[in-house]
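What follows is a set of notes on a single structure, which appears directly below.
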Amino acid sequence: MGITVMGFMNKIGYLFKEGFRSIAIHGFMSFASVTIIIACLVIMGSFSLLAVNIDAVIDKLESENEMLAFVDETYTQNQAMALEGELTAVPNVSKVKFITREEAMSEFAKDYENNSLFNEIEASVFRDRYVIYLDDISLMADTKVQLEQVKGIADVSAQLDISKGFVTTRNIVGAVSLVLIVILFVVSVFIMSNTVKLTTFGRREEIAIMKMVGATNSFIRTPFIIEGLTLGVIGSGLALALEWGIYTLITDKIMTSIAGSYVSVLSFNTLALPLALVYMGVGIVVGAFGGTIAIRNYLKV
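Set out below in structure tokens:
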């Protein structure tokens, strides 16, 4: 039993040693592989972070992009307030806020420097209204129609063009990011596999001899997979560090500029863990897959 365990440990040690030895021997190619992985991950990560931040900005704008439902002017305040339940029951409405005629006039007057103009105006010229908040602004047009069908609602004001712009922007950024991520992932696997192929070319006779003496495909393949995994993990770690530096530099510039007054940027600390997991996962998959593809043809002896 002890000999079996010792033999197994020696076998594992040999496989790892061969994998690390190949990295050291082919230092330039290993460096090239890591560099390519870093470049691809940083580009993928940058577009992903851009998409996440745009989505966060749109979510914030969604919460601020409200609709106004004006109550029929013949309704008393009590009758107007009684509409709250019906409005809240409309699909896609998250919450509503009732605004009295007096409050509407006060808010309207704030937009003018000369408030004395409103001294002669009575609140009755305004209508009671509801501020409507939505769950999904992409459904704003449908929600507007449903709100207008509520008895007692005379008119609904909605910024449909703005909501469509938000939705279109989010869809475009999301689609572009997804396409780029897929393309860069394929490119990374291709470059990694070709890099490992160059290292295996010089060892093709050794691989053939190992096959002839009875070595299994998995035994021969493992060092190359370990090599790919190691390069992938190294590239992932360095890419994360570089992404952190780039993201911090750019966000600091944004927040200290005029743009910082209008948009908020997510902290890298809130994104670091999921980004690290994605980077590590992509690096491991690219490395292992690239190593497997590279050695495949040399195992057909």
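Numbered according to the numbering used here, the sequence shown spans residues 142 to 442. Ideal Cβ positions, reconstructed from N, Cα and C, are used throughout, including at glycine. What you are looking at is a predicted structure, and each value in this text was computed from that prediction instead of being measured.
With contacts defined by Cβ atoms closer than 8 Å, Ala230 and Leu288 do not form a contacting pair.
Phe249 and Phe267 have their C-alpha atoms some 10 Å from each other. Boundaries of the beta strand (DSSP E) harbouring Ala210: Met208 to Val212, taken from the DSSP string. For Lys285, the enclosing alpha helix (DSSP H) stretches over residues Met281 to Glu289. Leu275 carries a strand assignment under DSSP once its states are collapsed to helix, strand and coil. Ile366 sits away from Ala417, with the two beta carbons spaced by 8 Å or more. About 6 Å separates the beta carbons of Val234 and Leu275, which is inside the 8 Å limit, making them a contact pair.
Shown here for Leu321: same chain residues with a beta carbon closer than 8 Å to its own, the five before and five after excluded, namely Ile184, Met185 and Phe188 in chain order. Phe239 is not a Cβ neighbour of Glu227, given a cutoff of 8 Å.
In the DSSP assignment, Lys236 forms a beta bridge with Tyr274.
Leaving aside the five residues that flank Ile375 on each side, the residues in its chain whose CB is nearer than 6 Å to its CB run, in chain order, Val175. The DSSP-derived three-state label of Ser298 is strand. The alpha-carbon of Ala382 is positioned some 14 Å away from that of Gly373. Between the alpha carbons of Asn358 and Pro364 lies a gap of roughly 11 Å. Separation of Met421 and Gly315 (C-alpha to C-alpha, rounded to the nearest whole angstrom) is 22 Å. Close CB contacts of Leu280 within its chain, under the 7 Å cut and outside five residues either way in sequence, are with Asn233 (chain order). About 6 Å separates the beta carbons of Gly424 and Ile178, which is inside the 8 Å limit, making them a contact pair.
The three-state reading of DSSP puts Ser174 in helix, counting H, G and I together. Scanning Glu384, Val297 and Thr310 for the CA closest to the CA of Ala197 turns up Thr310. In this structure, Leu182 sits away from Ala413, with a CB-CB distance that is not shorter than 8 Å. Asp200 has its alpha-carbon roughly 11 Å from the corresponding atom of Ser304. The three-state secondary structure of Thr217, taken from DSSP, is coil. A direct Cα-Cα distance of roughly 13 Å separates Arg270 from Ser247. For Leu414, the secondary structure class from DSSP, reduced to helix, strand or coil, is helix. Under the DSSP assignment, Gly226 falls in the alpha helix (DSSP H) whose first and last residues are Glu225 to Thr229. Rounded to whole angstroms, Ser298 and Ile313 show a C-alpha spacing of 27 Å. Distance between Lys394 and Val272, taken at the CA atoms: about 36 Å. Excluding the 5 residues flanking it on each side, Tyr388 has same chain C-beta neighbours closer than 7 Å at Leu190 and Phe409, in chain order.
When DSSP states are grouped into helix, strand and coil, Thr310 belongs to the helix group. When secondary structure is reduced to three states using DSSP, Ser187 falls in the helix class. With a 10 Å radius around the Cβ and a threshold of 16 neighbouring Cβ atoms, Phe172 comes out exposed.
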